[in-house]
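Reading through the structure tokens given below for one structure.
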Amino acid sequence: MAVKPEEFNFAKSDQFHTAMIPGKFARAMRTCKIWQFIRFVIINLKMIIVVSKSH
Amino acid sequence: MARLVVLGGGVAGHTAATFAADWLGKEHEVVVVTPNSKWNWIPSNIWVGVGGMTKEDVTFDLAPVYEKAGITYKQAKAVSLNPEGNGTTDKSFVTIEYTGQGKAGQSEEVTFDYLINATGPKLNFAATPGLGDANGLGEFTVSVCTADHADHAAHELTKIMDKMRKGERQKILIGTGHGMCTCQGAAFEYIFNVEHEIRKAGLRDMADIQWISNESFMGDFGMGGLHMKVGGYVVSSRIFTESLFAERGVNYITGAHVNKVEKGKVTYELLDGTTGEETFDFSMLIPPFAGVGLKAYNKAGEDITDTVFAPNGFMKVDADYTPKPYAEWKASDWPRTYQNPTFKNMFAAGIAFAPPHIISKPMKSPNGTVINPTPPRTGMPSGIMGKAVAHSVCDLIKKGPSAHLHEASMAEMGAACVASAGKGWLDGQAAAMTVYPVVPDFEKYPGTGRDTDYTFGEIGLAGHWIKHILHYLFIYKAKLKPFWKVIPE
Chain A
1 MAVKPEEFNF
11 AKSDQFHTAM
21 IPGKFARAMR
31 TCKIWQFIRF
41 VIINLKMIIV
51 VSKSH
Chain B
56 MARLVVLGGG
66 VAGHTAATFA
76 ADWLGKEHEV
86 VVVTPNSKWN
96 WIPSNIWVGV
106 GGMTKEDVTF
116 DLAPVYEKAG
126 ITYKQAKAVS
136 LNPEGNGTTD
146 KSFVTIEYTG
156 QGKAGQSEEV
166 TFDYLINATG
176 PKLNFAATPG
186 LGDANGLGEF
196 TVSVCTADHA
206 DHAAHELTKI
216 MDKMRKGERQ
226 KILIGTGHGM
236 CTCQGAAFEY
246 IFNVEHEIRK
256 AGLRDMADIQ
266 WISNESFMGD
276 FGMGGLHMKV
286 GGYVVSSRIF
296 TESLFAERGV
306 NYITGAHVNK
316 VEKGKVTYEL
326 LDGTTGEETF
336 DFSMLIPPFA
346 GVGLKAYNKA
356 GEDITDTVFA
366 PNGFMKVDAD
376 YTPKPYAEWK
386 ASDWPRTYQN
396 PTFKNMFAAG
406 IAFAPPHIIS
416 KPMKSPNGTV
426 INPTPPRTGM
436 PSGIMGKAVA
446 HSVCDLIKKG
456 PSAHLHEASM
466 AEMGAACVAS
476 AGKGWLDGQA
486 AAMTVYPVVP
496 DFEKYPGTGR
506 DTDYTFGEIG
516 LAGHWIKHIL
526 HYLFIYKAKL
536 KPFWKVIPE
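Chain order of the listed sequences is A and B.
With the numbering used here as the guide, the letters of the first sequence map in order to residues 1 to 55.
With the numbering used here as the guide, the letters of the second sequence map in order to residues 56 to 544.
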């Protein structure tokens with residue numbers, strides 16, 4: 001059975017062995033344009049709040 | 056008519072000068088002294104450094120912008136301050152030395168009623184043998200600290216990618232070039248942009264990419280790390296950062312003081328006292344920052360530099376500089392108004408002010424070598440400080456010396472950081488992070504020192520779009536285009 005892409009790096013070093021590596025679904029959501037548009041709106045709103053709290 | 060002199064035309068200085076000119080109108084004069092002829096949106100130097108943008112894309116000429124704003128522009132570097140004047144005048148003045156405008160090398164004394172020191176840092180390449188010298192960047196590594204440096208880095212990167220195409224495996228080393236560097240974020244963003252470009256070119260298997268940093272753990276970022284909300288969890292930035300590196304197959308060395316750079320090789324000391332070597336074919340190492348080396352003299356001509364500036368060359372402001380152990384550090388140690396305690400007509404903003412202490416936990420190797428990041432105070436905090444200080448000076452001029460000073464403590468302000476990899480609108484990704492406040496306040500937020508409702512991190516296209524928008528938005532604002540004042544810092 002072929003190694004899944006997200007599991008490939010685990011064996012490369014001890015540093016990577018204990019790290020959290022995103023799987024197929026998480027990677028897909030990072031580039032899903034509809035989901036990312038929603039996140040874009042949410043992140044912007046949060047950043048505007050942080051900016052307004054900072055002035 | 057009062058005169059405000061602003062030293063420096065970076066994020067803090069440009070923000071302070073442009074707002075002050077707008078608020079003061081033509082009744083008073085604002086003078087900017089900066090050795091540079093161009094303004095540089097430094098965060099986008101990362102894209103210049105991988106060939107995604109040209110240096111012209113991230114810079115513009117300052118002279119026409121200052122002419123439009125009614126600001127007197129002197130392309131010069133500040134050499135010394137005389138806050139009390141000298142034997143012939145009681146008026147405060149700054150001695151400058153021109154670097155352009157057809158007067159290069161000429162000196163001038165510019166009197167002032169108020170002064171904002173926003174000189175930014177000296178890129179102290181000379182601190183590490185081989186990293187550079189008093190004249191700047193050395194021959195063995197590259198930098199992305201200026202647009203010219205980034206342009207040079209892109210050319211060097213192209214060369215090693217050509218070698219990879221010919222079948223030559225290449226070693227890439229990116230990180231910090233000294234144990235007391237700040238600005239890990241820039242190196243962090245650059246390493247992922249380099250990795251992205253190499254992967255996009257189909258050459259990832261031909262490159263060994265290595266991170267080296269003075270942070271004691273991944274994700275310290277000079278802020279002692281942070282806890283952020285990710286996917287419903289409150290997660291340490293260490294987990295977040297290690298995940299990014301593991302996903303991309305980038306190895307890392309932490310707690311490293313690079314003590315020597317040679318052709319194709321660095322040597323370093325670690326926090327546990329051991330030493331090591333790393334070879335490289337291409338290396339971008341951030342230098343440590345220092346004050347620009349301004350001197351200060353009293354009326355009698357005696358050197359009072361130690362009174363005005365901290366030993367690292369940054370200007371003393373209203374911070375609590377009393378030496379105390381880490382356990383006793385408080386958010387209230389950090390300055391609020393950025394007014395010099397000795398000379399009330401002088402302020403400092405951005406990197407130019409002397410922090411009371413670092414934010415990260417102080418670390419030393421068993422050999423006594425200090426290895427810890429210094430506090431970040433670039434970008435958003437610099438802009439906010441610049442605006443607050445400009446507001447204070449304008450009120451002092453208009454309302455008199457008893458005017459209320461505006462406050463912008465780093466322990467009460469947040470920062471947004473977008474570290475993007477890739478340049479295309481659809482093929483890149485970014486880690487978008489906000490932190491609130493920058494300096495942790497464990498009295499107000501006993502758990503993590505920060506408000507985890509507003510300290511969060513996320514990876515994806517959305518952050519990448521934000522990075523693009525910020526590039527165009529802040530250059531638009533800095534050019535003082537219509538409605539520039541409504542764009543926040």
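Glycine included, C-beta positions come from ideal geometry on N, C-alpha and C.
This one's a predicted model, so the numbers in the text were calculated from it and none came from an experiment.
Residues of chain B with a CB under 9 Å from the CB of Phe-16(A): which are they?
Walking along the first sequence from the start, residue 16(A) turns up at place 16. Glu-297, Phe-300, Ala-301, Glu-302, Gly-304, Asn-306, listed in chain order.
- prompt: Could you check where the beta strand (DSSP E) with Gly-142(B) kicks off and where it finishes?
  reply: Against the second sequence, residue 142(B) aligns to sequence position 87. Premise fails: Gly-142(B) is in no beta strand (DSSP E) and is neither H nor E.
Checklist entry - At a Cβ threshold of 8 Å, is Ala-11(A) touching chain B? => result In the first sequence, the residue the question calls residue 11(A) occupies position 11. No, no contact with chain B.
Q.
Please tell me whether Gly-104(B) and Val-199(B) are closer than 8 Å, where the distance is taken between their beta carbons.
A. The count along the second sequence starts at 1 and reaches residue 104(B) at position 49. The count along the second sequence starts at 1 and reaches residue 199(B) at position 144. Yes, they are a contact pair.
Checklist entry - Considering only residues of the same chain and omitting the five flanking positions on each side of Ile-413(B), which have a CB-CB separation below 8 Å? => result Here residue 413(B) corresponds to residue number 358 of the second sequence, with the count starting at 1. Taken in chain order, the residues that qualify are Gly-277, Asn-427, Pro-428, Thr-429, Pro-430.
Through-space distance from Trp-94(B) to Glu-513(B), alpha-carbon basis | One-based indexing of the second sequence puts residue 513(B) at position 458. One-based indexing of the second sequence puts residue 94(B) at position 39. Taking the straight line joining both Cα atoms gives about 30 Å.
Pick from Asn-269(B), Gly-234(B), Gly-483(B): whose alpha carbon is nearest that of Cys-32(A)?
Locating residue 32(A) in the first sequence gives position 32, counting from the first residue. Out of Asn-269(B), Gly-234(B), Gly-483(B), Gly-483(B) has the C-alpha closest to the C-alpha of Cys-32(A).
Can Pro-548(B) and Gly-187(B) be called in contact, C-beta distance under 8 Å? Since the displayed chain B opens at 56 and closes at 544, residue 548(B) lies outside it and no answer follows.
Between Leu-516(B) and chain A, is there a C-beta pair that is closer than 8 Å?
Against the second sequence, residue 516(B) aligns to sequence position 461. So yes, Leu-516(B) belongs to the interface.
Classify Phe-529(B): buried if its beta carbon has 16 or more other beta carbons within 10 angstroms, exposed otherwise. Residue numbering aside, residue 529(B) sits at position 474 when the second sequence is read from its first letter. Its Cβ being crowded by 16 or more others within 10 Å, Phe-529(B) is buried.
message: Going by DSSP, what residue range makes up the beta strand (DSSP E) through Glu-498(B)?
response: To locate residue 498(B), count along the second sequence from 1; it is residue 443. Counting along the chain, Glu-498(B) falls outside any beta strand (DSSP E), and DSSP gives it neither H nor E.
Check your understanding: Can you list the residues of chain A that Gln-484(B) reaches, using a CB-CB cut of under 9 Å?
Key -> As a working note, residue 484(B) is residue 429 in the second sequence. Per Cβ cutoff of 9 Å: Arg-30, Thr-31.
Using C-beta distances below 8 Å, list every residue in its chain close to Ile-92(B), excluding the 5 sequence neighbours before and after it, in chain order.
Your numbering for residue 92(B) matches position 37 in the second sequence. Note that residue 92(B) is Ser in the sequence shown, not Ile. Same-chain partners within the cutoff: Asp-116, Leu-117, Ala-118, Gln-130, Gly-155.
- Every unbroken beta strand (DSSP E) within the segment 314-349 of chain B, with a cutoff of 3 residues, ordered by chain: 320-325, 330-334, 337-341
* Reducing DSSP to helix, strand and coil, say where Asn-95(B) ends up. => Numbered from 1 along the second sequence, position 40 holds the residue referred to as residue 95(B). If DSSP states are grouped into helix, strand and coil, Asn-95(B) belongs with the strands.
Using DSSP's beta-bridge definition, name the partner residues of Pro-184(B). Reading the second sequence from its first residue, position 129 is the one you call residue 184(B). Paired residue(s): Gly-187(B).
- Message: Could you compute how far the alpha carbon of Thr-433(B) sits from the alpha carbon of Tyr-531(B)?
- Response: Within the second sequence, the letter at position 378 stands for residue 433(B). Within the second sequence, the letter at position 476 stands for residue 531(B). Distance between the alpha carbons of Thr-433(B) and Tyr-531(B) is about 19 Å.
- What alpha helix (DSSP H) runs, 4 residues minimum, are completely inside the segment 272-305 of chain B? 292-303
Taking 7 Å as the cut-off, is the beta-carbon of Ala-365(B) closer than that to any non-hydrogen atom of the ligand NAP? The ligand NAP is not part of this structure, which contains no ligands at all.
Reference Thr-334(B), options Gly-175(B), Val-316(B), Glu-244(B), Leu-516(B), closest by Cα = Reading the second sequence from its first residue, position 279 is the one you call residue 334(B). Here the closest residue by C-alpha is Val-316(B).
Which class does Tyr-169(B) belong to by DSSP, given the choice of helix, strand or coil?
-> As a working mapping, residue 169(B) is identified with position 114 in the second sequence. Here Tyr-169(B) sits in strand by DSSP.
Contact set between Ile-21(A) and chain B, taken where Cβ atoms lie within less than 8 Å: Reading the first sequence from its first residue, position 21 is the one you call residue 21(A). Simply Ser-298, Ala-301, Glu-302.
task = Check whether the Cβ atoms of Lys-442(B) and Ala-124(B) lie closer than 8 Å to each other.
result = Position 387 of the second sequence, counted from the start, is the residue given in the question as residue 442(B). Position 69 of the second sequence, counted from the start, is the residue given in the question as residue 124(B). Not closer than 8 Å, so no.
>> Tell me the rounded alpha-carbon separation between Cys-236(B) and Gly-304(B).
In response: Counting from one through the second sequence, the residue named residue 236(B) turns up at place 181. Counting from one through the second sequence, the residue named residue 304(B) turns up at place 249. Cα-Cα distance, rounded: 24 Å.
Same chain, Cβ closer than 7 Å to Lys-146(B), five either side skipped, listed in chain order: Stepping through the second sequence from its first residue, residue 146(B) is reached at position 91. Cβ within range, chain order: Gly-140, Thr-166.
*From the DSSP output, in three-state form, read off Asn-269(B) for me.*
For the purposes of this step, residue 269(B) is taken as residue 214 along the second sequence, with counting starting at 1. In the structure shown, Asn-269(B) sits in coil (DSSP, three-state: anything other than H, G, I, E or B).
Quick check on this structure: which residue in Leu-136(B), Gly-65(B), Ile-151(B) has the alpha carbon closest to the alpha carbon of Val-113(B)? Within the second sequence, numbered from 1, the residue matching residue 113(B) stands at position 58. Among Leu-136(B), Gly-65(B), Ile-151(B), the Cα nearest to that of Val-113(B) is on Gly-65(B).
Indicate whether Ile-171(B) and Ser-162(B) have their beta-carbon atoms separated by less than 8 Å.
Numbered from its first residue, the second sequence carries residue 171(B) at position 116. Numbered from its first residue, the second sequence carries residue 162(B) at position 107. Against a cut-off of 8 Å, the Cβ pair of Ser-162(B) and Ile-171(B) comes out as no contact.
Under 8 Å by beta carbon: chain A residues contacting Gly-477(B) | Mapped onto the second sequence, residue 477(B) falls at position 422. Chain A residues near Gly-477(B): none, gap ~11 Å exceeds 8 Å.
**Message:** Relative to the C-alpha of Thr-231(B), which candidate in Glu-223(B), Gly-222(B), Arg-220(B), Ile-246(B) has its C-alpha closest?
**Reply:** The residue labelled residue 231(B) in the question sits at position 176 within the second sequence. Considering only alpha carbons, the answer is Ile-246(B).
Does the structure place the segment 313-328 of chain B close enough to the segment 502-512 of chain B that three or more beta carbon pairs sit under 8 Å?
no
Check your understanding: Between Tyr-169(B) and Leu-281(B), which are expected to be in contact by the criterion C-beta below 8 Å, what is the C-beta distance as a whole number of angstroms?
Key -> Numbered from 1 along the second sequence, position 114 holds the residue referred to as residue 169(B). Numbered from 1 along the second sequence, position 226 holds the residue referred to as residue 281(B). In fact, because the Cβ distance is near 35 Å, the residues do not count as touching under 8 Å.
Close beta carbons around Gly-348(B), own chain, < 7 Å, minus the five adjacent residues each side: Reading the second sequence from its first residue, position 293 is the one you call residue 348(B). Closer than 7 Å at the Cβ level, and outside the excluded window around Gly-348(B), lie Lys-177, Gly-368.
- Can you tell me where the alpha helix (DSSP H) with Asp-450(B) in it begins and where it stops? Taking the second sequence and counting its residues from 1, one reaches residue 450(B) at position 395. Asp-450(B) -> alpha helix (DSSP H) spans 435-454.
To the nearest angstrom, how far is it from the Cα of Gln-394(B) to the Cα of Lys-350(B)? By 1-based counting over the second sequence, the position of residue 394(B) is 339. By 1-based counting over the second sequence, the position of residue 350(B) is 295. Taking the straight line from one Cα to the other gives about 18 Å.
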